[in-house]
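K.L.:
Dropping the structure in here first, questions after.
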Amino acid sequence: MNIKNAIIWIVVVVVIGFAAYYAYKAYTANKLKQADPTAQQSGDQAAANPDQVQGQEVTVGTGAEAKPGTVVTVDYVGKLTDGTVFDTSVGKQPLTFTLGEQGIIPGFQIGVNGMKVGGERLLAIPPSLGYGTQQVGTIPPNSTLVFEVKLLKVEEAPATAPIAPAIQ
Numbered sequence: 001m002n003i004k005n006a007i008i009w010i011v012v013v014v015v016i017g018f019a020a021y022y023a024y025k026a027y028t029a030n031k032l033k034q035a036d037p038t039a040q041q042s043g044d045q046a047a048a049n050p051d052q053v054q055g056q057e058v059t060v061g062t063g064a065e066a067k068p069g070t071v072v073t074v075d076y077v078g079k080l081t082d083g084t085v086f087d088t089s090v091g092k093q094p095l096t097f098t099l100g101e102q103g104i105i106p107g108f109q110i111g112v113n114g115m116k117v118g119g120e121r122l123l124a125i126p127p128s129l130g131y132g133t134q135q136v137g138t139i140p141p142n143s144t145l146v147f148e149v150k151l152l153k154v155e156e157a158p159a160t161a162p163i164a165p166a167i168q
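Quick note on the UniProt record's numbering: the sequence shown kicks off at 1 and runs consecutively.
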């Protein structure tokens, strides 16, 4: 093999190496963007799923499962898509609520449903399942909300006490 052929092979290998590197880099960046609910969606994805909660399991729990009607206790950090924290229970009182009852935004309930105790989930909640067009505190109207949620406890809801008949 002469020097000219050796140089050509070296150049070809280097070019293929750079092409493979940049293709891999673009592929992994795309995968990370798809896995990150805080990343901006493409117009097609956003148009197809404007009313859908996006969730990513951070840690899959092994305990009891949160189902509608159960009382759940969670720790959470609520953020805007720019990373601004608007609320948190971490270091404070965990949030306890009955899954499926009013009082908690629908997207949060959808995101917690199906989690197991010990699990952690990252949620992206569209405005339609959050606060919609209204401003709430520091949350601007039409905001996508991002929550980091950890499920601490699941309990059966207490049975409603039967009403005693009236004394006649």
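Where a beta carbon is used, it is the ideal one built from N, C-alpha and C, also for glycine.
To the nearest angstrom, report how far apart Val13 and Leu122 are at their CA atoms.
P.N.:
Start at 1 with the first residue of the sequence shown, and residue 13 comes out as number 13. Start at 1 with the first residue of the sequence shown, and residue 122 comes out as number 122. Rounded to the nearest whole angstrom, the C-alpha separation of Val13 and Leu122 is 42 angstroms.
K.L.:
Using DSSP with H/G/I as helix, E/B as strand and the rest coil, what is Ile3?
P.N.:
As a first step, residue 3 is located in the sequence shown; it is residue number 3 there, counting from the start. It is helical.
K.L.:
Just the C-alpha distance for Pro94 and Phe86, rounded to the nearest angstrom, thanks.
P.N.:
As a working note, residue 94 is residue 94 in the sequence shown. As a working note, residue 86 is residue 86 in the sequence shown. Each residue's Cα considered, the two are about 16 angstroms apart.
K.L.:
In this structure, does DSSP put Ala157 in helix, strand or coil?
P.N.:
Taking the first residue of the sequence shown as 1, we reach residue 157 at position 157. For Ala157, the three-state secondary structure derived from DSSP is coil.
K.L.:
Sort Lys150, Pro127, Phe147 by Cα distance to Pro141 and report the nearest one.
P.N.:
Taking the sequence shown and counting its residues from 1, the one referred to as residue 141 is at position 141. Nearest C-alpha to Pro141: Pro127.
K.L.:
Would you list, in sequence order, the uninterrupted beta strand (DSSP E) runs of no fewer than 3 residues that lie entirely inside the stretch 78-103?
P.N.:
Counting only runs of 3 or more, we get 85-88, 95-98.
K.L.:
Alpha carbon to alpha carbon, how far is Gly137 from Gln102?
P.N.:
By one-based count along the sequence shown, residue 137 stands at place 137. By one-based count along the sequence shown, residue 102 stands at place 102. If I take the Cα positions, the gap works out to 19 angstroms.
K.L.:
With a threshold of 6 angstroms on Cβ separation, who are the neighbours of Ile125 within its own chain once the five nearest residues in sequence on each side are excluded?
P.N.:
The residue given as residue 125 occupies position 125 in the sequence shown. Counting only Cβ-Cβ distances below 6 angstroms, and skipping sequence neighbours, we find Val53, Gly107, Leu145.
K.L.:
Evaluate Gln134 with the Cβ neighbour count: other Cβ atoms within 10 Å of its Cβ, from every protein chain shown; 16 or more gives buried, anything less gives exposed.
P.N.:
On the sequence shown, position 134 is the one that residue 134 refers to. It counts as exposed.
K.L.:
Name, in chain order, the residues that DSSP records as bridge partners for Gly55.
P.N.:
Against the sequence shown, residue 55 aligns to sequence position 55. DSSP, once it has assigned bridges, lists Leu123 as partnering Gly55.
K.L.:
Taking only three categories from DSSP, how would you classify Val117?
P.N.:
Residue mapping note: residue 117 aligns to position 117 of the sequence shown, counting from 1. Of the three classes helix, strand and coil, the one that applies to Val117 here is coil, per DSSP.
K.L.:
Could one say the Cβ of Val146 lies closer than 8 angstroms to chain D's Cβ atoms, at least one of them?
P.N.:
Note that chain D does not occur in the displayed structure, where there is just one protein chain.
K.L.:
Count the other C-beta atoms from every protein chain shown that fall within 10 angstroms of the C-beta of Trp9, then say buried if there are 16 or more, exposed otherwise.
P.N.:
Position 9 of the sequence shown, counting from 1, holds the residue named residue 9. With fewer than 16 other Cβ atoms within 10 Å, it is exposed.
K.L.:
Measure the CB-CB distance between Val71 and Glu148 and report whether it falls below 8 angstroms.
P.N.:
In the sequence shown, residue 71 corresponds to position 71, counting from 1. In the sequence shown, residue 148 corresponds to position 148, counting from 1. No. Outside cutoff.
K.L.:
Apply the 10 Å Cβ neighbour rule to Gly78 and answer buried if 16 or more other Cβ atoms are within range, or exposed otherwise.
P.N.:
Within the sequence shown, residue 78 is the residue found at index 78, counting from 1. Burial call: buried.
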